[in-house]
Every structure is written in C-alpha cells, then in structure tokens.
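Structure first, commentary second.
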C-alpha cells in the first residue's frame, strides 16, 4: 500500500509541527564536538579510514535543534558522526566540548541512567538470560514501579508491538523482526520523552524493513514521543521523517524536511547522498545551461528523446550516448555520457518498455530533456 | 587435465582424496584413531584398574594383594570418622579456595575484559599466565620460604606486631598457597566470559535506568555465572586432588596426603578406594556445573 499514504501523513505532521507555536525543543546541541583518543580513537579511525594516531574528530561542532514530538532522522554514511551524536544524547559518550540540552535542561554531564531518554540499539541489546517479559519490564523494575502497574504496562507495550503471547520466550528463540519489536517495547514502556533509535532496522531484510518503517512511524504518531532515528538509508530517512539532518565528516550539511533536502540540496554532498548525484559542473553547465555554477538534476526528472528533438522554451536539453543500461524491474536506469562532458543518470519507468528494448538502447545517441525548474543549484561543500 | 595424466602419483592421490571425500566415517576414524586409542587404553584403562583395585584387599601378613571382591575398603572409609573428617576438611578447603579465587579473580578479569586498553590487556594476560610456566614444585617450595618462621611474611608483619600463619598444624597457609596456585585457572575463564558480554547490554541497562550495582547484579553476574562455574571446576578439583602442597606447608591431613600415605604402607587397594572419594565428588560437581551451563562457557 502506502508509499503515497506515507508521504501525505509525513507532510501533514510537518505542517502540524510548523503551526504549533512556539514549538518546544526536545533536544538542543550547542557546538558539540567529540574527539576519540587511545583505543577508541584507533577503532574509529579503522572504521572510517581516517589517519590513526592522533585523536579522531568524530563530531565536529554540531548545532542542532530537534522539536518536541517530531520524527527526526540523522542521515549519513558510516563514520559521519551520526551514531556518536546519538550516543551523546543518550549519555553513553561525553562531548569533548559543547552542551546538550534535553527539554531545556543541560544534561551534558548527566549519566545515561538519569536521562529521560531511551534507546533502541542497533543489535537490539536484549538481555539473553531474561524472558521477553522481563526484558520489557527491566526499566520499570529498576525504577521500582509497583508490580501490578508494571505488569499492566508491559502487557500494553507488548500489545503495541503485536507481541502478545510471547511473554515467556527468550530472545534467543525470536526472529530478528520480533527481537526488534521487543527492543522497541522495552524502550517505549518507560514512556521516555525522547526515543533514540540507532539503525534499528539495519539487520532486517528489505521486506520486513519496509513493514517496520510503516509500523514505527505509526507507533510514533500514536505515542507522540520525539523519535531520533539514525540511518544511512536515504530512502528510509525520506519516507519516515518529519525533518532530517544530513551528516558528513562529523558535520551537519543540511537540516530540513525530506522535500527540502531532496529538492533543494544545500551542498554537493547532500545532492549525492540523498538521491543520485547528477551533477552538472564547470564547462558542462556553461554549454548546456548557458550559466555558471553547479546544478543537480534528479534522474527521474529527465526524459529520453531522439537526438533531433527540439525542446520547449522552459526546457533544457543535452545530447549524449547511452553508456550503460541497468534494468531494475519497475524502472530502467540509463547512464548517459554527455557530448558536453560529464555523465547524467536517467531513470525511466518501464511503462511500455520491455527489458529487451531497454537493454538494446546501449550505445544509442539520445537527447536528454528536462524542465529548467528541475535544475537545482547546489552550494559548494 | 593433461598435467594429471603426466603425473600418475598425483592422480592416485587425487582418487584417494575423492574416495575419502565420499566416505565421511573413514575420515573421522582416521582423525580420531590415535587420540581415541590413547584415551581408551591409557586413561580409561588405568581408571578401570583403579576401580577394580578398590574392591580388592591386602593380606595383612604377606602384604600381597588379594584379588577377591570385597567392599571392606569402602566400609572402612565410610565408618572410620578419620576419613569423614579428612574428606569434609578437604571439600571445605576446595570450596574456600574456589570462593577466594572467584572474589580475587573477578575484578582482575573485569578490568582486563572491559576497561584495559588492548596493550594493558596483553600485558595482564601474560602476567596471569606466567606463573603457569614455572614448576609447581618450585612455587610450593617458595611458599614454604615465605611462610616459614623466619620467612618474608613474618619479616614484613613483625613491625606491626603480627605473625603469619606459619607452617604448623593450621590450614591458613595452605589456603593461601592453593589460592595463589589456582588463581589463573579462575581468571582466564572469567575473562573470556566477561569479554563475551556485548557492551551494548551494559549500555542498555544504564539506558533503562540501571546504576552500576544494578547492572552488575541483574546483567553482568547472571551472564558470567557459567564462566564462574567453569573456573571453579579447575580450582575445586585441583584443590581436592592435590597432595604435594599440603605435605609441604601444613601438618594437617587432606585426602591427597592420605592416599599418598597408603601408597607408602603399601596398601594399594585401600589407596585406590580412597581415590574414588574425590573422584565421586568431582563427578557430582561436574554434573551440577553442566546444569549451570559451565561447559558452554569453556
């Protein structure tokens, strides 16, 4: 169902958040940096390919405001600092400099067990020696919630993630998707004001991941808690978030709604990471568009035409040769080498094209045509 | 293909390898023939002999072993209060040594597994294993020197007006020696067990509101119990069977001494029967340990 359904709910929530005035802040980061030295630094360096030896800068001066009740994603490649930022919000890492505020309160030096946030870990981190029920009840048990209330809340939490009847199982006897739900219930049962999710769907297969995306979003809207969601999957970030931040090399490149980030990428990196990097630069821009600067054109906005096709006044076009054809099922991706230099990727829905026809297009001369309004100027960076 | 034709030996080796590949049982038999042979002949064989001997007796006049079945040795062991006292004392010592080792080993293992940098971790691992390279006898004798009347311990304690346990008829000195000797056997499994706990579990506990002590009690300890039991198998059974350390540092009797004494008399059937006692205790201990998951932790 519901890719469309999703986007519409997302934008509706977005408006709701914008109109709520004044929006209370759930999380604020003030000039937060994080350096790793010693063993941790070596591990980070190895993971990110940075030079070992010196302290590694994992997070490099981040300012960020996350509003109460929003679904906020932190998107970026591995080693971009998004997980470290999440871990600083959770309290597992102490920032080297800067401040972290939760609902206006400075928690920079507050240990994790005293913060009103809960985390869903990437590996779920379920306690293997406890039943599902005991796992979910852990936070309540530690906080000395009375037994009767504890049992009721655990039951509700398990019902919310559709795991009623699994109370007595051990995590070892659950599937990946079920473990994921237990981890979610274990965090939500504490009714935190902010829920942190560290690539929670990363270990699931595609089908299950898409189901869980929809379910997570629904749960977030039901409980109304701020979700901070770390992912490297741009499609996931775009479908689920009210707003997202794109991380690169310990910095934030852009913060905005999915539409903002996709349609108006602030930097070259964002253009490439969120969607396919279809960059027009230097001489190519001058030849094709007649101006300077750097632009990106989303592959689905471009259509293929005969070389002789003459385009309308509000359109741009360029000739080139199809260098590669990738058949994707519903779409075909064409990689076109432009006569003016550079390459553009074009995706076309396979409305009437068969795979044979699509694949036989390789080597053909074509004219690419797109509306000028889809030329998105991209900042350097 | 041509190259194999040119080398017939290579070809026949290849045929043999292919045949073996299809006959998994033959491969297994070849792999295990030597160790199984050793185990059955040398190990189970001597154990069987021990067991048979335990039901024979010694002719008090000729000193010859009488090869006729009699339960008399076991009746003697079970009825004579001396053996009951010594058995209980030995088990108590094994338990005390095990508990002490566990208490001392845990912080060291925890530091190695979860806190130390990889460099310190390596150094500590070497430091823990190093005493195992030295001869057991040398270490036991060294402790004699430490504990003796004019030894290092008393020299250190004398300014405080204290005296060490000495080498007489008390068991404190032996307890110290055993704890020292078997400590590495407790540290290593504990270290492995602690290292196997994913860091995210500890973070999850803290995230859910658990302070250090709660996390230890509810998460770390239950998960490390199998490793603890695995380590205790070593400390317990090694203490139970040892006869050299008791004979060197104390005049008090333990099962090991008694067995050794009966070798000297010599009443081999009785020594064999006495040997069955620690054997049975250890078997029971192992059964309990298995129930607690210790063998998955090894």
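Chains as they are written, first to last, in the working numbering: chain A, 109 to 489; chain B, 3 to 300. Glycine residues also receive a C-beta, built at the ideal position from the N, C-alpha and C atoms.
Buried or exposed for residue i, please, with buried defined as at least 16 other CB atoms from any protein chain shown within 10 angstroms of its CB.
| i | result |
| --- | --- |
| residue 233/A | buried |
| residue 362/A | buried |
| residue 142/B | buried |
| residue 19/B | exposed |
| residue 457/A | exposed |
| residue 54/B | exposed |
| residue 334/A | buried |
| residue 340/A | buried |
| residue 264/B | buried |
| residue 25/B | exposed |
| residue 40/B | exposed |
| residue 272/A | exposed |
| residue 282/B | exposed |
| residue 321/A | buried |
| residue 300/A | buried |
| residue 396/A | buried |
| residue 58/B | buried |
| residue 221/A | buried |
Hey, quick one: how far does the alpha helix (DSSP H) through residue i stretch, first residue to last?
| i | result |
| --- | --- |
| residue 181/A | That residue, residue 181/A, is in no alpha helix (DSSP H); its beta strand (DSSP E) goes 179-183. |
| residue 238/B | 223-243 |
| residue 169/A | Per DSSP, residue 169/A belongs to no alpha helix (DSSP H); it is in the beta strand (DSSP E), 164-175. |
| residue 479/A | Unbroken run through residue 479/A is the beta strand (DSSP E), 473-479; no alpha helix (DSSP H). |
| residue 391/A | 390-397 |
| residue 261/A | 255-268 |
| residue 106/B | 83-112 |
| residue 29/B | 26-40 |
| residue 209/B | 201-209 |
Between which two residues does the beta strand (DSSP E) harbouring residue i extend?
| i | result |
| --- | --- |
| residue 120/B | Premise fails: residue 120/B lies in the alpha helix (DSSP H), 120-135, not in any beta strand (DSSP E). |
| residue 359/A | 359-364 |
| residue 58/B | Where residue 58/B is concerned, there is no enclosing beta strand (DSSP E), given that its DSSP letter is neither H nor E. |
| residue 150/B | No beta strand (DSSP E) holds residue 150/B; DSSP gives it neither H nor E. |
| residue 275/B | Per DSSP, residue 275/B belongs to no beta strand (DSSP E); it is in the alpha helix (DSSP H), 270-293. |
| residue 456/A | 451-457 |
| residue 355/A | 351-356 |
| residue 424/A | 423-435 |
| residue 137/A | 133-144 |
| residue 227/A | 225-228 |
| residue 413/A | 411-413 |
| residue 336/A | 334-339 |
| residue 311/A | No beta strand (DSSP E) holds residue 311/A; DSSP gives it neither H nor E. |
| residue 210/A | 205-210 |
| residue 440/A | 439-446 |
Name, please, each residue of chain B whose Cβ falls closer than 9 Å to the Cβ of residue i.
| i | result |
| --- | --- |
| residue 251/A | 210 and 211 |
Identify the contact partners of residue i in chain B, using a Cβ-Cβ distance below 8 Å as the criterion.
| i | result |
| --- | --- |
| residue 211/A | Correct list: empty, because the minimum Cβ distance to chain B is about 17 Å. |
| residue 233/A | 200, 202, 203, 205 and 206 |
| residue 220/A | 205, 208 and 209 |
| residue 227/A | 205, 206 and 209 |
| residue 298/A | 210 and 211 |
What whole-angstrom Cβ distance do residue i and residue j have, given they're in contact under 8 Å?
| i | j | result |
| --- | --- | --- |
| residue 165/B | residue 250/B | Incorrect: roughly 20 Å between the Cβ atoms, too far for contact. |
| residue 280/B | residue 243/B | 5 Å |
| residue 430/A | residue 472/A | 5 Å |
| residue 163/A | residue 189/A | With a Cβ gap of about 14 Å, residue 163/A and residue 189/A do not count as contacting. |
| residue 331/A | residue 354/A | That pair is no contact at about 26 Å. |
Can you list the residues of chain A that residue i reaches, using a CB-CB cut of under 9 Å?
| i | result |
| --- | --- |
| residue 224/B | 235, 237 and 238 |
List the residues of chain B whose Cβ lies closer than 7 Å to the Cβ of residue i, in chain order.
| i | result |
| --- | --- |
| residue 247/A | 210 and 211 |
| residue 200/A | 205 |
Strictly below 7 Å CB to CB, what residues from chain A border residue i?
| i | result |
| --- | --- |
| residue 221/B | 235 |
| residue 305/B | Past the edges of chain B, shown from 3 to 300, lies residue 305/B, and the structure says nothing about it. |
Using a Cβ-based criterion (distance less than 8 Å to any ligand heavy atom), does residue i qualify as near the ligand ZN?
| i | result |
| --- | --- |
| residue 338/A | With respect to the ligand ZN, the structure offers nothing, as it holds no ligand at all. |
Find the residues of chain A that neighbour residue i, judging by a C-beta separation of less than 8 Å, and give them in chain order.
| i | result |
| --- | --- |
| residue 89/B | Neighbours of residue 89/B on chain A: none; closest Cβ ~35 Å, over 8 Å. |
Would you check if the region 202-222 of chain A and the region 263-279 of chain A touch, i.e. whether three or more CB-CB distances between them fall below 8 Å? No, because fewer than three Cβ pairs between the region 263-279 of chain A and the region 202-222 of chain A fall closer than 8 Å, the two stretches do not touch.
So, does the region 281-293 of chain A touch the region 250-261 of chain A, judging by three or more C-beta pairs under 8 Å? These segments do not touch.
Sufficient close CB pairs (3 or more, under 8 Å) joining the region 231-246 of chain B to the region 79-97 of chain B: Enough Cβ pairs lie closer than 8 Å, so yes.
Using 8 Å as the Cβ pair cut-off and three pairs as the minimum, do the region 289-300 of chain B and the region 69-86 of chain B touch? Under the three-pair Cβ rule at 8 Å, the region 289-300 of chain B does not count as touching the region 69-86 of chain B.
So does the region 429-444 of chain A actually touch the region 389-402 of chain A, counting three or more Cβ pairs closer than 8 Å? In short, these stretches do not touch, since the Cβ pair count stays below three.
Could you tell me whether the region 417-428 of chain A touches the region 460-477 of chain A, using the rule of 3 or more Cβ pairs below 8 Å? Segments in contact, yes.
Stretch-stretch touch, CB-based, cutoff 8 Å, three pairs: the region 234-253 of chain A with the region 313-323 of chain A: No, the region 234-253 of chain A is not in contact with the region 313-323 of chain A.
Are the region 174-186 of chain B and the region 166-178 of chain A touching by the rule of at least three beta carbon pairs closer than 8 Å? When Cβ pairs closer than 8 Å are counted between the two stretches, the region 174-186 of chain B is seen not to touch the region 166-178 of chain A, the count staying below three.
Could you say if the region 166-173 of chain B and the region 207-223 of chain A meet the contact criterion of at least three C-beta pairs nearer than 8 Å? Short answer: they don't touch.
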